[in-house]
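Protein chains: 2
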Amino acid sequence: MYNNLIQHILKFTPLTADEIEQINQSVSIQKVKKKTFLLEAGKVCKSNYFVVKGCLRLYFVDRKLTEQITQFAIENWWITDQDSFDSRQPSQYYIQAVEDTEVIYINKDALEQLYISVPKLERYFRIIFQRVYTAWQRRTKFLYDQTDEERYRFFSEAFPGFMQRVPLYMIASYLGFTPQFLSKIRAKKV
Amino acid sequence: MYNNLIQHILKFTPLTADEIEQINQSVSIQKVKKKTFLLEAGKVCKSNYFVVKGCLRLYFVDRKLTEQITQFAIENWWITDQDSFDSRQPSQYYIQAVEDTEVIYINKDALEQLYISVPKLERYFRIIFQRVYTAWQRRTKFLYDQTDEERYRFFSEAFPGFMQRVPLYMIASYLGFTPQFLSKIRAKKV
DNA sequence: CGAATTTCTTAATCATGATTCATTTTTTGA
DNA sequence: TCAAAAAATGAATCATGATTAAGAAATTCG
Chain A
1 MYNNLIQHIL KFTPLTADEI EQINQSVSIQ KVKKKTFLLE AGKVCKSNYF VVKGCLRLYF
61 VDRKLTEQIT QFAIENWWIT DQDSFDSRQP SQYYIQAVED TEVIYINKDA LEQLYISVPK
121 LERYFRIIFQ RVYTAWQRRT KFLYDQTDEE RYRFFSEAFP GFMQRVPLYM IASYLGFTPQ
181 FLSKIRAKKV
Chain B
191 MYNNLIQHIL KFTPLTADEI EQINQSVSIQ KVKKKTFLLE AGKVCKSNYF VVKGCLRLYF
251 VDRKLTEQIT QFAIENWWIT DQDSFDSRQP SQYYIQAVED TEVIYINKDA LEQLYISVPK
311 LERYFRIIFQ RVYTAWQRRT KFLYDQTDEE RYRFFSEAFP GFMQRVPLYM IASYLGFTPQ
371 FLSKIRAKKV
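Here the protein sequences come in this chain order: A and B. Using our numbering, the letters of the first sequence correspond one by one to residues 1 to 190. Using our numbering, the letters of the second sequence correspond one by one to residues 191 to 380.
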């Protein structure tokens, strides 16, 4: 019984008992300790992960060997390297647990099967991806429209809870600047 | 008969003659002269636009009154302010024709109806939005991983045709820097 | 065709945030 | 509980790309 996922799907489309059963048989659940990797660069991203509880980060290592975080996923978010997942080509990303985390995951073949046996999931994921598009348009405007400092201040006011779950150096990476610069801003704030 | 769109949908899902008919009755076609606006800030984005021929840009005006282009759409791409389109709230974006352009468009109510009468479109748009997600992950890595100069050089080698269709100052805006800086890079290139 | 508009370029100065390197504080787990 | 590791801070210097202000070149269209 993977209730968190089913509950989430039910927000967007009704499901019959049989459909729920089919979904439950296609997904698995996994507990991942803090710092565990669900994906490492060089390997194919085999699963799409739904966070039941906890927090994951998706990042790559740039030429200067700095970790660049491009996405976080918390409760009720899906996360994957979509490109690697679809093409079955090696990923350039890492997905790592920021906290002890519980995920429900589904592999590519199982998901393709499910789209056929439970077509309502086309609607569910259409809406999920559509929201990703919206989130991306918002984030892009956010990034273009403000200086690094404004971005940090906005972010810390908008998501105070999140700030406390994640080390500051990860926030800095996600917002596109260095931890040193973040310290400088925070020092000013007082 | 909106063949370009139907052809595009058929790449992802089969359609019956009846379904094709229903889609054709839900969309409209429009020719837009260069510089014409399909969306202006302050107005609700009523349509999702599919480019048959030509090129559109989506941008907003930042606090310094500079136009910031966040997306282009060329042949066979959809473009909209997804947030405004979904929520029916005023947009902060402009969508403008960069060249004389031909678009097929669909309004929100018509699209919601179509999702019900032609559920295969759930699959079509699920795949479209999924590709948007992939494109976004790629673009993000691209932006984080390289300096402005490298980004320009990569872009001009990867999309030489596109570079010739669009004024350079728009490329600069899309890549996140100023036209002056672009000129500097190009001067070096020789 | 030719004036007006749009687009592109050049150059000097300036500011933001990176880099480097060291130190302090906090957290973790044996 | 305390040593080791992880995370955060601080300061000095540096580099990238913005800003400002002209002016040149190219395109458009009446």
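Even glycine gets a Cβ: it sits at the ideal position worked out from N, Cα and C.
query, result
"Same chain, Cβ closer than 8 Å to Val190(A), five either side skipped, listed in chain order", "At Val190(A) the pLDDT is 45, less than 50, meaning the model places this residue with poor confidence; the figure from the coordinates comes in the next sentence. Contacts found: none."
"Chain B contact for Trp136(A) (CB, 9 Å cutoff)", "yes"
"Own chain partners of Ser84(A) with C-beta closer than 7 Å, once the 5 adjacent residues on each side are dropped", "Val44, Cys45, Pro90 and Ser91"
"Contact with chain A by Asp299(B), beta-carbon distance below 9 Å", "no"
"Chain-order list of residues whose beta-carbon lies under 8 Å from that of Thr256(B) (same chain, five-residue window excluded)", "Ser363"
"Whole-number beta carbon distance between Leu5(A) and Val27(A), since they are thought to touch under 8 Å", "7 Å"
"Assumed close pair Asn238(B), Ile296(B) - CB separation to whole angstroms, cut-off 8 Å", "6 Å"
"Cβ-heavy atom distance, Glu21(A) to the ligand FAD, below 8 Å", "Summarising the ligand content, the structure contains no ligands, and the ligand FAD is consequently not present."
"Rounded separation between Thr203(B) and Leu358(B) - CA only", "38 Å"
"Cβ separation of Leu372(B) and Arg341(B), assumed to be a contact under 8 Å, to the nearest whole Å", "At roughly 11 Å, the Cβ-Cβ gap does not stay under 8 Å, so Leu372(B) and Arg341(B) are not in contact."
"Simplified DSSP assignment, three categories, for Val132(A)", "helix"
"Test: Val118(A) CB closer than 9 Å to a CB of chain B", "no"
"Inter-residue Cα distance where the pair is Ile116(A) and Leu15(A)", "15 Å"
"Other residues of its chain near Trp267(B): CB distance less than 6 Å, five sequence neighbours each side excluded", "Val241"
"Straight-line gap, Lys184(A) to Val166(A) (C-alpha atoms, nearest Å)", "19 Å"
"Chain B contact for Gln92(A) (CB, 9 Å cutoff)", "yes"
"Residue burial classification, Gln180(A) (beta-carbon count within 10 angstroms, cutoff 16)", "exposed"
"Euclidean distance between Cα positions of Ala308(B) and Ala263(B)", "Strictly speaking, residue 308(B) in this sequence is Val, with Ala absent from that position. Between Val308(B) and Ala263(B), the C-alpha separation is close to 25 Å."
"8 Å Cβ cut-off: residues of chain B touching Tyr174(A)", "Going along chain B, no residue has its Cβ under 8 Å from Tyr174(A), so there is no contact; the nearest lies around 10 Å."
"Straight-line Cα distance separating Arg316(B) from Phe125(A)", "6 Å"
"Rounded straight-line distance, which links the Cα of Ile104(A) to that of Gln22(A)", "15 Å"
"Rounded straight-line distance, which links the Cα of Tyr59(A) to that of Asp338(B)", "20 Å"
"Exposed unless 16 or more other CB atoms sit within 10 angstroms - verdict on Gln197(B)", "exposed"
"Check whether Lys64(A) and Asp86(A) have beta carbons under 9 Å apart", "no"
"6 Å CB neighbourhood of Ile95(A) in its chain, flanking five on each side removed", "Leu38, Leu39, Leu56 and Leu58"
"CB-CB length for Lys224(B) against Asp271(B), believed under 8 Å", "Not quite, the Cβ-Cβ distance comes to about 21 Å (not below 8 Å), so this is no contact."
"Per DSSP, cross-strand counterpart(s) of Tyr94(A)", "Tyr59(A)"
"Neighbour flag for Tyr334(B) against chain A, beta carbons, 9 Å", "yes"
"Test: Val322(B) CB closer than 9 Å to a CB of chain A", "yes"
"Interface flag, Arg126(A) vs chain B, CB-CB below 9 Å", "yes"
"Leu10(A) classed as buried or exposed, judged by whether at least 16 other C-beta atoms fall within 10 angstroms", "exposed"
"Glu230(B): first and last residue of the uninterrupted alpha helix (DSSP H) it sits in", "Unbroken run through Glu230(B): none, as it is neither H nor E."
"Short Cβ contact (9 Å threshold) for Glu292(B) with Ile210(B)", "no"
"Min CB distance Tyr115(A) to chain B below 9 Å", "yes"
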